[in-house]
Amino acid sequence: MSIDRRHFLKGLAAGAASLGAGSIAGPVAARPAKALAPGAVGILYDATQCIGCKACEVACKAHNDLPPVENPALDQVYGVRGAWDGGDDLDSRTMNKIKAYPGLKTVEASRADAVLAESAAASDELSFVKRACMHCVDPNCVSACPVSAMTKDPQTGIVQYNPDACIGCRYCQIACPFNIPKFEYEKTFPQIVKCQLCTDRIAEGGIPACCEACPTGASLFGRVEDLRAEGHRRLAAEPGSRLEYPIHALDSADTKVGTVADYRPHIYGETETGGTQYMLMADVPFEKLGLPTLDNESSARLSETIQHTLYGGMVAPTLLLGGLVYAAYRNTRDERERADDGLGEGAGIDAPVTTNPKSASETKEGSRS
Ligand code: SF4
Ligand code: SF4
Ligand code: SF4
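Those letters in the sequence shown? Residues 1 to 369, per UniProt numbering, in order.
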């Protein structure tokens, strides 16, 4: 039995019609947005306090046993084969990357503010940004992973990767709105590489390696709610005033007094894609630091709501089944009709047509004359 395209499409249409109002379940409620885990921990990175020393990058590599990265430009200039900060971006050997952007502060030159005028004058300064997994409150990577190799810790909210469960489909890479997970293409048995917020160190009462190594407090560890409050304390301070900044962790005894920058009036990650546990502050537009502009709602919530609506009402499977049944029916009906017309099985256009022997011989004779 064959199913041609025309019949299959008709079948699908018939299946859809057969569903009618009755077979479609009532509207499925949108999946609720995920809330911050009760013991959610994270990092607040303040770009205005970062000096670009990359101690955090090196500490991350050392702790996670990641090799240096070769960079042809560096190799040519300095004659070195591979450097701890060799790559230009996150890659399969780099979970934490400090990136430098020159000239961004000239953008602010037109703003009529004395403090800003000062920073605009110092426009040759580099603006830094630390890129790593954002540990989203409602992570797309977790939602997209078909085998739960990406999971979110219900207590700390840390998004963890389990290489033993991973099948290498890389759906997490595609789903991540921050382009964070990297894949070890260069290995025979590749894995996904991304920051795990130094879960092992935190479990032992420590803090992430990057925060411990950071000499300025630009990378600060703490509970997410406390870090948000710390961010708002900085936003509320007068630009140019002096403020006490904690170093390493919010509850650390190490502090410093620094000058308050003219912050962008937002903590990046407080709302983006439903919130993130790694958050950033800066005195230049976030999008100029390569951070995407995102909705406040996680697209994981939207996609799961659509999936649950379809499968909850059994619409898609019923539609497919209805189409196949109808196509099969149509096909067998055509065969039955052909059988009724005396064109049974094998009576296709290439099959010999049974003829009256007499008329055949008359035809032969006629052809001889
Ligand atoms: S930043 Fe990407 S990889 Fe990290 S938790 Fe969010 S979706 Fe997952
Ligand atoms: S938390 Fe740990 S794994 Fe993540 S960027 Fe910092 S040092 Fe690297
Ligand atoms: S975050 Fe801290 S350790 Fe990392 S580059 Fe900036 S100042 Fe250095």
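The beta carbon of each residue, even a glycine, is placed where N, CA and C say it ideally should be.
Legend entry - For ligand 2, residues whose Cβ lies under 5 Å from any non-hydrogen atom: Cys60, Met95, Asn96, Ala132, Cys195, Leu197, Cys198, Pro208, Ala209, Cys210
Inset, instruction - Specify, as a first and last residue, the run of the beta strand (DSSP E) that Ile98 falls within. - result: 97-102
Inset, instruction - Look at the alpha carbon of Pro292 and the alpha carbon of Cys133, and state the distance between them as a whole number of angstroms. - result: 13 Å
Inset, instruction - Would you grab the beta carbon distance between Pro246 and Thr255 for me? Rounded to a whole angstrom, and I think it's under 8 Å. - result: 5 Å
Inset, instruction - Spell out the partners DSSP gives Gly42 in its beta bridges. - result: Gly222
Legend entry - Residues bridged to Met279 (per DSSP): Leu44
Inset, instruction - Say yes only if the C-beta of Pro32 is nearer than 7 Å to one or more non-hydrogen atoms of ligand 3, and no if none qualify. - result: no
Inset, instruction - Check the C-beta distance from Gln173 over to Phe183 and give it rounded, since I have them as a contact under 8 Å. - result: 6 Å
Inset, instruction - Quick one: residues in its chain with C-beta nearer than 8 Å to the C-beta of Ile202, no 5 flanking neighbours on either side, listed in chain order? - result: Val41, Thr156, Ile158, Pro208
Legend entry - N- and C-terminal bounds of the beta strand (DSSP E) containing Lys61: Looking at the DSSP string, Lys61 is not in any beta strand (DSSP E); the run it does join, the alpha helix (DSSP H), is 55-64.
Inset, instruction - Return yes when the Cβ of Met279 is within less than 8 Å of the Cβ of Tyr263, no when it is not. - result: no
Legend entry - Other residues of its chain near Pro102: CB distance less than 6 Å, five sequence neighbours each side excluded: Leu126
Legend entry - Identified DSSP bridge partners for Leu74: Paired residue(s): none; Leu74 is not in a bridge.
Inset, instruction - Under 6 Å Cβ to Cβ from Asn71, same chain only, skipping five residues before and after it: list those, please. - result: Gly86
Legend entry - Extent of the continuous alpha helix (DSSP H) to which Val142 belongs: 140-144
Legend entry - With 16 other Cβ atoms within 10 Å as the buried cut-off, status of Glu287: exposed
Inset, instruction - Starting from the N-terminal side, write out each stretch of the beta strand (DSSP E) that is 3 residues or longer and does not extend beyond the region 131-180. - result: 150-152, 159-161
Inset, instruction - Output the boundary residues of the beta strand (DSSP E) element that contains Thr255. - result: 255-259
Legend entry - Secondary structure of Thr94, DSSP reduced to three states: strand
Inset, instruction - Work out the CA separation of Thr216 and Tyr45 for me, nearest whole Å. - result: 11 Å
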